[in-house]
Amino acid sequence: MKPPSFEYHLPGGVEEAVGLLAELGEDAKPIAGGQSLVPMLALRLAAPEHLVDLRRLDGLRGVEERDGTVRIGAGTTQAAVQRSAEVARSVPLMARATPLIGHFQIRNRGTVGGSLAHADAAAEYPAVALALDARLEAVSPRGARTIPAGAFFTGLWSTALAEDELLTAVDFPVRRGRSGFAIEEFARRGGDFAIAGAAVAVELDGAGLVRRCGIGLFGLGSTPLRAPAAEAAATGSALTGIDASELGRTALAELDSVPADLHASADHRAHVGAAIVARAWRRAAEEAAHG
Numbered sequence: 001m002k003p004p005s006f007e008y009h010l011p012g013g014v015e016e017a018v019g020l021l022a023e024l025g026e027d028a029k030p031i032a033g034g035q036s037l038v039p040m041l042a043l044r045l046a047a048p049e050h051l052v053d054l055r056r057l058d059g060l061r062g063v064e065e066r067d068g069t070v071r072i073g074a075g076t077t078q079a080a081v082q083r084s085a086e087v088a089r090s091v092p093l094m095a096r097a098t099p100l101i102g103h104f105q106i107r108n109r110g111t112v113g114g115s116l117a118h119a120d121a122a123a124e125y126p127a128v129a130l131a132l133d134a135r136l137e138a139v140s141p142r143g144a145r146t147i148p149a150g151a152f153f154t155g156l157w158s159t160a161l162a163e164d165e166l167l168t169a170v171d172f173p174v175r176r177g178r179s180g181f182a183i184e185e186f187a188r189r190g191g192d193f194a195i196a197g198a199a200v201a202v203e204l205d206g207a208g209l210v211r212r213c214g215i216g217l218f219g220l221g222s223t224p225l226r227a228p229a230a231e232a233a234a235t236g237s238a239l240t241g242i243d244a245s246e247l248g249r250t251a252l253a254e255l256d257s258v259p260a261d262l263h264a265s266a267d268h269r270a271h272v273g274a275a276i277v278a279r280a281w282r283r284a285a286e287e288a289a290h291g
């Protein structure tokens with residue numbers, strides 16, 4: 001199918017871009033890499049009257065570490081994240097998630113901000129942002145504000161961004177010391193969206209107890225999710241006292257519902273999801289324990 005007709009805008013800066021979004025309102029959509037929006041246009045799942053192209057906004061691209069955080073510009077491509085030594089060193093969970101996204105052609109065009117703003121429940125980056133307690137920066141004509149990842153994803157393909165707001169960057173806390181990270185997913189083919197997936201971050205204290213853990217789930221609800229009951233069950237415990245399989249079952253048991261579709265029934269997806277959480281936990285815990 002062909003997309004519906006639209007008016008095309010190519011702003012030269014962030015201020016001009018958010019001005020256009022404010023002026024055009026709900027009839028406008030920003031477009032970066034277009035790897036999510038263009039297929040939706042072609043299928044008539046989206047029909048904006050205006051597209052605001054962000055490709056000239058160089059200030060939205062780049063990776064920078066400062067004050068204990070790594071800031072990744074929203075316009076940074078997934079391929080650039082995959083190549084970044086800074087991301088691999090300081091946000092390893094992000095680096096490990098990136099090769100799982102689609103195919104290299106998609107990663108060459110797709111952007112960090114595009115993936116987060118699209119908020120697909122089966123995508124990797126939103127779950128990573130949740131597991132790492134990322135903070136997302138948005139700009140509008142009213143100024144800039146910071147949104148915690150836990151408050152950013154509000155529903156199916158929807159976020160806390162207002163119509164005139166533009167996602168400009170995401171900040172990830174740098175976790176060093178005795179920390180471990182892992183992401184696991186199950187998909188029918190490489191490059192497909194995950195039927196079930198989990199991103200896990202574990203941090204140990206000086207006594208070897210779990211000081212903090214984050215478990216982000218994807219493909220298991222209408223939004224990317226965290227598993228607070230499973231996180232609470234692990235926090236304060238020694239790794240040797242945590243049963244990974246039981247932790248996986250706890251993570252899935254707390255979900256209100258698990259989606260069913262032509263790829264998997266709800267029961268099958270929940271069974272696979274529990275196993276995926278357990279597998280990711282084992283890998284992250286082993287890395288935290290041994291470095």
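Heads up: the sequence shown begins at 1 in UniProt numbering, then just goes up one per residue. Where is the CB? At the ideal position from N, CA and C, for every residue including glycine.
Query	Result
When DSSP labels each residue in this structure, what does Ser148 get in the three-state scheme?	In the sequence as presented, Ser is not what sits at residue 148; that position holds Pro. It is a strand residue.
Where does Leu10 sit, in a helix, a strand or coil, going by DSSP?	coil
If I follow the unbroken alpha helix (DSSP H) through Ala162, where does it start and stop?	From DSSP, Ala162 is part of no alpha helix (DSSP H); its letter is neither H nor E.
Taking only the alpha-carbon atoms, compute the straight-line gap between Ala127 and Glu23 and give it to the nearest angstrom.	32 Å
Just to confirm the assignment, what range does the beta strand (DSSP E) spanning Ile31 have?	Ala28 to Ile31
Going by C-alpha distance, which of Glu15, Arg96, Arg89 and Pro92 is nearest Leu57?	Glu15
Just verifying my parser: in three-state terms, what is the DSSP assignment at Val128?	helix
Taking buried to mean at least 16 other C-beta atoms within 10 Å of its own C-beta, is Lys29 buried or exposed?	buried
Are Ser237 and Ala121 closer than 7 Å when you measure CB to CB?	no
I'd like to know if the segment 167-186 and the segment 200-210 are in contact, where contact means that at least 3 CB-CB pairs between them fall below 8 Å.	yes
Take His118 and list the residues in its own chain whose beta-carbon comes closer than 7 Å to its own, dropping the five residues that flank it on each side.	Ser36 and Trp157
Would Ser90 be called buried (16 or more neighbouring beta carbons within 10 Å of its own) or exposed?	buried
Where does the unbroken beta strand (DSSP E) through Ile215 begin, and where does it stop?	Val210 to Phe218
Gly248: which of Asp261, Ala260 and Leu217 sits nearest, CA to CA?	Leu217
Using the Cα positions of Thr154 and Ala230, report the straight-line distance between them to the nearest angstrom.	21 Å
Answer yes or no: do Arg71 and Ala169 have a C-beta to C-beta separation smaller than 7 Å?	yes
Taking a contact to mean a Cβ-Cβ separation below 7 Å, would you say Ser140 touches Glu163 in this structure?	no
Keeping to the same chain, check which residues put their C-beta closer than 8 Å to that of Arg226; ignore five residues upstream and five downstream.	Leu130, Ala131, Gly150, Gly214, Ile215, Gly216 and Leu217
Roughly how many angstroms lie between the CA atoms of Leu191 and Asp171, to the nearest whole one?	According to the sequence provided, residue 191 is Gly. The question's Leu does not apply to it. Using only the alpha carbons, I get a separation of about 26 Å.
Which same chain residues end up closer than 8 Å to Thr250 when comparing Cβ atoms and leaving out the 5 residues on each side of it in sequence?	Ala227, Ala229, Ala230 and Ala233
Since Ile195 and Leu93 should fall inside the 8 Å C-beta cutoff, what is the C-beta to C-beta distance between them, to a whole number of angstroms?	Ile195 to Leu93, Cβ: 20 Å. No contact.
Please list, in chain order, all residues of the same chain as Leu161 whose beta carbon is under 7 Å from its beta carbon, the five residues on each side excluded.	Ala117, Ala138 and Leu167
Looking only at its own chain, which residues have a Cβ that is under 6 Å from the Cβ of Pro259, when we skip the five neighbours before and after it?	none
Can you tell me which of Gly75, Ala134 and Arg135 puts its alpha carbon nearest to the alpha carbon of Gly114?	Gly75
Which residue's Cα is closest to the Cα of Gly62: Ala280, Arg188 and Ala80?	Ala80
Name the residue from Gln82, Ala46 and Phe186 whose alpha carbon lies nearest to the alpha carbon of Ala280.	Phe186
In three-state terms, what does DSSP make of Ser5?	coil
Would you decide whether Tyr125 is buried or exposed? Buried here means 16 or more other CB atoms lie within 10 Å of its CB.	buried
Alpha carbons only, please: which of Val52, Arg96 and Phe6 is nearest the one belonging to Arg283?	Arg96
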